[in-house]
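Asks: Using the numbering used here, read the sequence shown as starting at 1 and increasing by one per residue.
Heads up, the beta-carbon is just placed ideally off N, CA and C, and yes, glycines get one too.
Because the structure is a prediction, the values reported are computed rather than measured.
My structure is below; once you've seen it, I'll send some questions.
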Amino acid sequence: MPSAIKYFAMKSLADYNVKILKNTKVIEVSKDGALCETPEGKKLIHGFDMVVQAIGSKSHNSLEEKLKGKVPALFVIGDAAEPRRAVEAIEEAVATALAL
Ligand SMILES: Cc1cc2nc3c(=O)[nH]c(=O)nc-3n(C[C@H](O)[C@H](O)[C@H](O)COP(=O)(O)OP(=O)(O)OC[C@H]3O[C@@H](n4cnc5c(N)ncnc54)[C@H](O)[C@@H]3O)c2cc1C
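Structural data, given as structure tokens:
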């Protein structure tokens, strides 16, 4: 995250007294709360009415291995190559199509 954006993001979180749990992994979210694995062990966190998922992403590209050697040409583009934004996937699709 660019440092200027990080500064204002962290300031907003502090202004709203947002509690940040570090080294904490969400295992399960249910109506009882979020079961988390913390450095101190498993802990059920509750008292919220909304979950915003903002985790990273990784590419899912199992098809490439299956198709390798079975088709005359194979191009991996878009999120299958690396998860990014739609515009990059579209640019790669156009460039690949034009190069055919
Ligand atoms: C929650 C979320 C929000 C996002 N918001 C934005 C945003 O606001 N702006 C932005 O620019 N980008 C955003 N993105 C990123 C954007 O969606 C992707 O970068 C873009 O969709 C990548 O396009 P793609 O064609 O590579 O992959 P996809 O759009 O994922 O298309 C791949 C397609 O292949 C199909 N497929 C997969 N395996 C097979 C198979 N074996 N056989 C046949 N079909 C298969 C899938 O069903 C899917 O339809 C967001 C992504 C997520 C997850």
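Identify the continuous alpha helix (DSSP H) that holds K11 and give its terminal residues.
Replies: Counting along the chain, the alpha helix (DSSP H) containing K11 begins and ends at S3 to D15.
Asks: For A86, is the beta carbon positioned less than 7 Å from some heavy atom of ligand 1?
Replies: Within the cutoff, so yes.
Asks: Give the straight-line distance between the Cα atoms of L13 and A89, rounded to the nearest whole angstrom.
Replies: Those two C-alpha atoms are separated by around 32 Å.
Asks: So is the beta-carbon of G47 under 7 Å away from any non-hydrogen atom of ligand 2?
Replies: Absent from the structure shown: ligand 2. Ligands present: ligand 1.
Asks: Closer than 7 Å to a non-hydrogen atom of ligand 1 - does that hold for the CB of A95?
Replies: No, since every heavy atom of ligand 1 falls outside the 7 Å radius drawn around the Cβ of A95.
Asks: Leaving out the 5 sequence neighbours to the left and right, which residues in its chain are closer than 7 Å to P83 when beta-carbon positions are compared?
Replies: Cβ within range, chain order: S57, K58 and S59.
Asks: Kindly examine ligand 1 and report whether one of its heavy atoms sits closer than 7 Å to the Cβ of A99.
Replies: No, the Cβ of A99 stays beyond 7 Å of every heavy atom of ligand 1.
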